[in-house]
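For what it's worth, this note's numbering labels the leading residue of the sequence shown as 5, then goes sequentially. Below is one structure, written out as structure tokens; comments come after it.
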Amino acid sequence: MTSQESPDSHQEILLKRYQVQQELGKKAGRRSLLTRDLQTLELVVVKILSFGNEFEWNDLKLFEREAETLKALSHPAIPRYLNYFELDSPNSRGFALVQSYIPAQSLEAQLKAGRSFSEEEVKELAKAILEILKYLHGRQPPVIHRDIKPSNILLTNRSGNSVGEVYLVDFGSVQTIARRSSTMTVVGSYGYMPPEQFNGRAIPVSDLYSLGATLIYLVTGQHPGDLPQTDLRIEFEQIANISLSFSSWLRQMTEPIASQRLTSAEDALQALEQPVNTTQTQTRATNSTMGKPPGSKVVLKKSADFIEVIVPPIGSLSNLTRIYIWSSILILPFLFILLSIILRGYGSHSYIIFPKLIILIIMLLFLVCLLANNILHILIDFFGEMRLHISRQQISRIFNLFGIERHSPLSSPMQNISQLERTKDIANRPYLIIWAGSRKYEIFTNYANSFPVTLPELDWLTHELSNWLGLPITRE
């Protein structure tokens, strides 16, 4: 915890009991003082809310709520409530809250001093805070901190690869579900507040967002408010040197829509530790390489920045294309009949009236489009190409024919990738799905498709994608 010396404060004694040692912090209408309790001789923290030009009654409501909340809490990683009294001295008038002193630096102070954190240390810190949140959110009614950020997290006793002991402090913005009123109160800190908190609404998963934003600060070294955003999502992946699985977890923690976040601190802990699902099994490809199957024409390109799978065309007529050919054979007689009727009607106005001619032309155009689509599929089977491209920015599946490209589905941000699933179709044929949000990017073994792969090729590609993405392989 950083401190600032206050030369005039060393002789000050509050309530004839708390001898001021130094000032720990100061902001509008508030002071935090390190004092010595003359009765116990222990160092304690006295937080003072002063009456003055900047005083607002809502400040007093929050201050009293902090005192009430701390009094009801008992957790080794949270400051203990010690006393609460009215202050009336020549130097200050207001209210004072006394709580235990934690001799530790804030996370913010350590970051500013140049300390960096490995991914494992960040995960360890995340688990420690989530355990605290499990306690807070599990209270009846649930206690919501509403202001989790680096300056409100203290660390001490770092040793080896351990991040040290973790504490959560400053409950000045705390809220309980039972105490929530219709009056809108916006509290929190810019960059760490979820969208719903800007509207005066806070729920337990609001704390998950704030924790996620704090961890983003650790892995990027930049304040989350300074990072770019897309649809209110913090874009941190390009400058965060972390695994894709941890990046995906942080994305779930900081979803701007509360209902799309991880649902609780307990769920967030489980997701971070990646337990085995009870209805699905997960395996993780090892870092060893699985060789490309002999005779495979599938092309795999990869580097630190991208991985790309190029699947050539089937080289013959797929089962689906054979259906298109038979439908084309059926279409052709109707096409000639319609064309004949239109030409005859166009030459003799007495033979066919204009509205009917328009209808016949529309029908003709429809059949021509169907025929063109069927021909396109035949060309794709022999001359097309399917390319699955994943970079650090996005995932795309592109179908290419003579330089003309079609994205199906549309591209998605790479950080949306959440799952690598091996499953089977209704005919029990295996295929691979890469889930990016609600979009599916598939690789098939089904020869009804124009770009199938063999089962050994699918195993090989699944292995390679799992290694590059850092995701486990989920199987039904």
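From the three backbone atoms N, C-alpha and C, an ideal C-beta is built for every residue, glycine too.
Query raised in the report: With burial defined as no fewer than 16 other Cβ atoms inside 10 Å of the residue's Cβ, what is the status of residue 419: buried or exposed?
Result: Walking along the sequence shown from the start, residue 419 turns up at place 415. Looking at its Cβ environment, which holds 16 or more other Cβ atoms inside 10 Å, residue 419 is buried.
Query raised in the report: With distances taken from CA atoms, which of 198, 135, 171, 152 is nearest residue 160?
Result: Locating residue 160 in the sequence shown gives position 156, counting from the first residue. Nearest option by C-alpha distance: 171.
Query raised in the report: Quick one: does the C-beta of residue 135 sit closer than 7 Å to a heavy atom of the ligand PLP?
Result: By its list of ligands, the structure shown contains no ligand whatsoever, and the ligand PLP lies outside what it can speak to.
Report task. Just list the alpha helix (DSSP H) runs in the stretch 91-141, keeping only unbroken ones of 4 residues or longer that don't cross its boundaries, in chain order. Result -> 111-116, 123-141
Query raised in the report: Comparing alpha-carbon positions, which option in 198, 155, 76, 107 lies nearest residue 145?
Result: Counted from its first residue, the sequence shown places residue 145 at position 141. Closest by alpha carbon: 76.
Requested in this report: Mind checking who residue 428 pairs with in its DSSP beta bridge?
Outcome: By 1-based counting over the sequence shown, the position of residue 428 is 424. Answer is 434.
Query raised in the report: Short check: CB of residue 269 to CB of residue 253, under 8 Å?
Result: Within the sequence shown, numbered from 1, the residue matching residue 269 stands at position 265. Within the sequence shown, numbered from 1, the residue matching residue 253 stands at position 249. No, Cβ-Cβ distance for residue 269 and residue 253 is not below 8 Å.
Query raised in the report: Would you report the Cα separation of residue 446 and residue 303, rounded to the nearest angstrom?
Result: Counted from its first residue, the sequence shown places residue 446 at position 442. Counted from its first residue, the sequence shown places residue 303 at position 299. If I take the Cα positions, the gap works out to 16 Å.
Query raised in the report: Just curious, the beta strand (DSSP E) that residue 196 is in, first and last residue?
Result: For the purposes of this step, residue 196 is identified with residue 192 of the sequence shown, where counting begins at 1. That residue, residue 196, is in no beta strand (DSSP E); it is neither H nor E in DSSP.
Report task. For the alpha helix (DSSP H) containing residue 209, list its first residue and its last residue. Result -> Along the sequence shown, read from residue 1 onward, the residue named residue 209 stands at position 205. Where residue 209 is concerned, the enclosing alpha helix (DSSP H) stretches over 208-224.
Query raised in the report: CB-CB under 6 Å to residue 104, same chain, minus the five flanking residues each way: which ones, in chain order?
Result: Residue 104 sits at position 100 when you count from the first residue of the sequence shown. Correct list, in chain order: 83, 84.
Query - Candidates 365, 399, 296, 62, of which the one nearest residue 460 by Cα - result: The residue given as residue 460 occupies position 456 in the sequence shown. Closest option to residue 460, Cα to Cα, is 296.
Query - Three or more C-beta pairs below 8 Å linking the stretch 139-158 and the stretch 32-51 - result: With the rule of 3 Cβ pairs closer than 8 Å, the stretch 139-158 does not count as touching the stretch 32-51.
Query raised in the report: Does any residue of chain D bring its CB to less than 8 Å from the CB of residue 472?
Result: You won't find chain D in this structure, because it holds only one protein chain.
**Report entry** Beta-carbon proximity of residue 424 to residue 462, cut-off 8 Å
**Finding:** In the sequence shown, counting from the first residue as 1, residue 424 sits at position 420. In the sequence shown, counting from the first residue as 1, residue 462 sits at position 458. No, they are not a contact pair.
Query raised in the report: If you drop the 5 nearest sequence neighbours on each side, which residues of the same chain put their C-beta closer than 6 Å to that of residue 167?
Result: In the sequence shown, residue 167 corresponds to position 163, counting from 1. Hits under 6 Å: 125, 128, 129.
Requested in this report: Tell me where the beta strand (DSSP E) around residue 466 begins and ends.
Outcome: Here residue 466 refers to the residue found at position 462 of the sequence shown. It is not in any beta strand (DSSP E) - residue 466 instead sits in the alpha helix (DSSP H) that spans 459-473.
Report task. Given a cut-off of 8 Å, decide if residue 301 and residue 472 are closer than it, judged by their beta-carbon atoms. Result -> Against the sequence shown, residue 472 aligns to sequence position 468. Against the sequence shown, residue 301 aligns to sequence position 297. In this structure, residue 301 does not lie closer than 8 Å to residue 472 by Cβ.
Report task. Reducing DSSP to helix, strand and coil, say where residue 235 ends up. Result -> Against the sequence shown, residue 235 aligns to sequence position 231. Residue 235: coil per DSSP, three-state reduction.
Report task. Please work out which residues of its chain come closer than 6 Å, Cβ to Cβ, to residue 289, disregarding the five sequence neighbours upstream and downstream, and give them in chain order. Result -> Within the sequence shown, residue 289 is the residue found at index 285, counting from 1. A caution first: residue 289 carries a pLDDT of 48, below 50, which makes its placement in the model unreliable, though a value can still be read off. So the list reads 467, 470, 471, once near-sequence residues are dropped.
Requested in this report: Using the Cα positions of residue 29 and residue 239, report the straight-line distance between them to the nearest angstrom.
Outcome: On the sequence shown, residue 29 is found 25 positions in, with the first residue counted as 1. On the sequence shown, residue 239 is found 235 positions in, with the first residue counted as 1. Each residue's CA atom was taken as its position, placing residue 29 and residue 239 some 32 Å apart.
Query raised in the report: Between which two residues does the beta strand (DSSP E) carrying residue 304 extend?
Result: Locating residue 304 in the sequence shown gives position 300, counting from the first residue. That run of the beta strand (DSSP E) goes 303-306.
Query - Between the CA atoms of residue 411 and residue 450 - distance to the nearest angstrom - result: Within the sequence shown, numbered from 1, the residue matching residue 450 stands at position 446. Within the sequence shown, numbered from 1, the residue matching residue 411 stands at position 407. Their Cα atoms are separated by approximately 20 Å.
Report task. May I ask you to list the residues that DSSP assigns as paired with residue 41? Result -> Against the sequence shown, residue 41 aligns to sequence position 37. DSSP output for residue 41 lists 22 as bridge partner(s).
Query raised in the report: Is there contact here, the stretch 107-115 with the stretch 52-61, by at least three beta-carbon pairs under 8 Å?
Result: no
Query raised in the report: According to DSSP, is residue 32 helix, strand or coil?
Result: Translated into positions along the sequence shown, residue 32 becomes position 28. Coil, per DSSP.
Query raised in the report: Which of helix, strand or coil does DSSP assign to residue 80?
Result: By 1-based counting over the sequence shown, the position of residue 80 is 76. Reduced to three states, the DSSP call for residue 80 is coil.
Query raised in the report: Buried or exposed: where does residue 80 fall if 16 or more other Cβ atoms within 10 Å of its Cβ makes it buried?
Result: What you label residue 80 is simply residue 76 of the sequence shown in a count that begins at 1. The residue in question, residue 80, is exposed, as its Cβ has fewer than 16 Cβ neighbours within 10 Å.
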